[in-house]
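Counting from 1, one number per residue, gives the positions in the sequence shown under the UniProt record's numbering.
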Amino acid sequence: MDEYIKISPDILYSNRIEPTGQSVRKEEISRDPSSFQKILEEKLDNQLKISKHAQLRMSSRNINLTPEQVKKLNIAVEKAEKKGVRESLILMNDIAFIVSVKNKTIITAVDGPNLKENVFTNIDGAVIM
1 MDEYIKISPD ILYSNRIEPT GQSVRKEEIS RDPSSFQKIL EEKLDNQLKI SKHAQLRMSS
61 RNINLTPEQV KKLNIAVEKA EKKGVRESLI LMNDIAFIVS VKNKTIITAV DGPNLKENVF
121 TNIDGAVIM
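Have a look at this one:
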């Protein structure tokens with residue numbers, strides 16, 4: 001009952017297609033995800049951020065920055081950074097900003113009426129624009 005038929009390996013592989021040596025390859029495109037990440041980080045690092053505290057202060061004091069003022073603030077931060085300043089007071093028109101130069105973040109903002117008799121601490125430089 002247990003009869004088996006022996007099949008030669010030649011029969012099993014006789015219809016096999018032999019490779020020609022040429023393979024079809026997809027066009028290789030350099031897609032280095034780290035290069036995109038680097039570009040994104042550079043763009044984000046160069047933009048001045050506003051902390052939540054500063055947003056609240058600016059909102060409560062009705063301080064609205066124009067694109068031109070933001071540009072001036074970025075220039076002031078760059079100047080402070082070149083001088084090695086870490087925490088800066090930036091005076092622009094009748095508004096004072098405390099900025100973390102290292103993090104490129106506005107920490108707080110004070111407008112004209114609130115500037116009188118104010119003491120700014122924990123700064124190591126000032127930029128007047």
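Ideal Cβ positions, reconstructed from N, Cα and C, are used throughout, including at glycine.
Top-ranked residue by Cα proximity to residue i, from the options
i: ILE98; options: GLY84, ILE123, ILE63 and LYS116; result: ILE123
i: VAL70; options: GLU87, SER60 and ILE50; result: ILE50
i: ASN114; options: GLN47, LEU48 and SER60; result: SER60
i: VAL110; options: LEU65, VAL85 and LYS38; result: LEU65
i: residue 130; options: ALA96, LEU91, GLN37 and PHE36; result: This structure cannot settle anything about residue 130, because the visible part of the chain is limited to 1 through 129.
i: ASP94; options: GLU68, VAL85 and LYS116; result: LYS116
Burial state of residue i (16 or more Cβ within 10 Å)
i: LEU73; result: buried
i: ILE128; result: exposed
i: ILE75; result: exposed
i: VAL119; result: exposed
Sequence-distant residues of its chain with Cβ nearer than 6 angstroms to residue i (five each side left out)
i: ALA126; result: LEU89
i: LEU91; result: ILE128
i: VAL85; result: VAL101, ASP124 and GLY125
i: LYS79; result: VAL127
Collapsed DSSP secondary structure at residue i in the structure displayed
i: LEU115; result: helix
i: SER88; result: strand
i: VAL70; result: helix
i: LYS49; result: strand
i: ILE75; result: helix
Neighbourhood of residue i by C-beta, 8 angstroms cutoff - its chain only, sequence neighbours within 5 removed
i: LYS83; result: GLY125
i: GLY112; result: ASP94 and ILE95
7 angstroms CB neighbourhood of residue i in its chain, flanking five on each side removed
i: SER100; result: GLU87 and ILE107
i: GLU81; result: VAL101
i: ILE63; result: ILE95, ALA109 and ASP111
i: ALA54; result: ILE106, ILE107, THR108 and ALA109
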